[in-house]
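Quick note: the sequence shown uses the UniProt record's numbering, first residue 1, plus one each step. Ideal Cβ positions, reconstructed from N, Cα and C, are used throughout, including at glycine. Just so you know, these numbers come straight off a predicted model, no measurement behind them. First the structure, in the form of structure tokens, and then the observations on it.
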Amino acid sequence: DASNNIQLHPLVLLTISDYITRHTIRSQSGPAIGAVIGQQNGRNFTLEHAFECKLAEKASDAVLDAAWFTERLEMYKEVHKVPALDLVALFMLGPVAGPQPLHLPVLKQVRDLTGSDNTMLLLFHPEQVDDLQGSKLPISLYEPVEESDGEKVQMRFKELAFEVESGDAEMIGVNFVAVGGGNATAVPKADTAATGAASSPKDKKAKGKGKAKEGDEAEANGASTSLLSPEDDELITTLNSKVNAIKMLNERIKLLGSYLETLPASYLTDENLDAAPPADTNFTLLRSINAMLSRLPLLEAPPAVVPEADADGNILAPVSNLQKSADLEKQDVHLTSLLASLTRSIAEAQSLGSKFNVLLRDKQQK
């Protein structure tokens, strides 16, 4: 829709996918319903965070737990104050054809609880997950519009266009989760493994000679049927990420070193050279390199020196440069606070002296 500017963040998609996956694997009863919070500025909307909603107990229809929903929404609004986020949409499962009558009660209930008529409906289409390719997402966004037909007021839905928007920090987190999920393996349940192990000898004989021959060939080729545990997969993924990061860091350091080698010698190292630098010297890059090198001592390990002793003879543990820097900053903060308190005390003393002089002058005049 040309009159709306809607930005959908990847964290919302990640939360919806995680919730629907858990809801399906655990075979939970009831519909999957959640809320989406974001910003609204006129016709500009952002969908930034999402959370699942609790349904009311002993309810035949899809009804939210009003007290739980109100409390949870206030918690999210309390956390996300700058910038201020509020409820902008609900997400549910639905067909590609659009919203169904079962979606209306939940939407009306949320409108009554929040007092907002701008709550949109985000539908996730599970039947499209296996068929879609490329950048197409199995979701649709709708805006409820009330239309009067005589004395009756009907609610209709208008589909809205949206675009996916994300920041650098958000993309790093989403990429980390996506890489971990891509290395996940399906581990069979214990009862399934036990059932397969307890198969009768007759079933084994019924497999035939062909499958037995294939099994022998697999064993001869050294094929391993064991699977790594999820913890091992996560550890391997983390180590691979660290290896790639170290390789990239090494390449960057070599690039900086090759650049510095191309520069002429400085008069700081040889006093016989001319003090004027070349005209094409990139001082901005050199200052950045100098600032980076000045921070390296903070990352060094504690020096291997003999521990010092205090005035009472107690042995003090060696302190790293990073801890020393933190202690200096803490002392600067305390010193600034002390100076502020001292200045405030002096101002109060001056005010008290002025009031005392006024009272003394009035007393002398009487």
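Going along the chain, which unbroken runs of the alpha helix (DSSP H) with 4 or more residues stay wholly within the UniProt domain "MPN" (6-148)? 10-25, 66-79, 104-114
Relative to the alpha-carbon of Thr70, which residue among Asp112, Ser29, Glu146, Ala84 has its alpha-carbon at the smallest distance? Asp112
Kindly indicate the opening and closing residues of the beta strand (DSSP E) around Glu159. Under the DSSP assignment, Glu159 falls in the beta strand (DSSP E) whose first and last residues are 152-160.
Can you give me the Cβ contacts of Glu165 inside the same chain, cut-off strictly under 8 Å, excluding the 5 residues immediately before and after it? Gln7, Leu8, His9, Thr46
Let me know the secondary structure DSSP gives Glu165 once reduced to three states. coil
Quick test of your reading: Ala32 and His23, contact by CB under 8 Å. State the CB separation rounded to the nearest angstrom. So it is a contact: roughly 5 Å between Cβ atoms.
Limits of the unbroken alpha helix (DSSP H) element including Ala291: Its alpha helix (DSSP H) spans residues 283-295.
Between which two residues does the alpha helix (DSSP H) harbouring Leu299 extend? In this chain, Leu299 is not harboured by any alpha helix (DSSP H), its DSSP state being neither H nor E.
Applying the 10 Å Cβ sphere with the 16-neighbour rule, what's the burial state of Gly94? buried
DSSP on Ser266, reduced to helix/strand/coil? Ser266: coil per DSSP, three-state reduction.
Using three-state DSSP, classify Asn250 as helix, strand or coil. helix
Under 7 Å, do Lys54 and Trp68 count as touching if we go by C-beta distance? yes
For Thr114, which of Gln128, Leu122, Ala89 has the nearest alpha-carbon? Ala89
Given that a residue counts as buried once 16 or more other Cβ atoms are within 10 Å of its Cβ, and exposed if not, what is Val110? buried
Have a look at Pro297 and Asp312 and give me their C-alpha separation to the nearest angstrom. 31 Å
Short Cβ contact (7 Å threshold) for Glu146 with Met120: no
Alpha-carbon to alpha-carbon, Ser354 and Lys366: Approximately 19 Å, taken between the alpha carbons.
Where does Leu13 land, buried or exposed, given buried means 16+ other C-beta within 10 angstroms? buried
Reduced DSSP category for Ser200 - H, G, I as helix; E, B as strand; rest coil: Below a pLDDT of 50, predicted positions are generally treated as unreliable, and Ser200, at 47, falls in that range; no measurement from the model is reported.
Can you grab the Cα-Cα spacing for the pair Leu335 / Leu11, in whole Å? 42 Å
Using DSSP with H/G/I as helix, E/B as strand and the rest coil, what is Leu352? helix
Give the secondary structure of Asp332 by DSSP, where H, G and I count as helix, E and B as strand, and everything else as coil. helix
Report the three-state DSSP secondary structure of Ala220 (helix, strand or coil). Unreliable placement is indicated for Ala220, whose pLDDT of 47 sits below 50; no coordinate value is reported for it.
For Ala347, which of helix, strand or coil comes out of DSSP? helix
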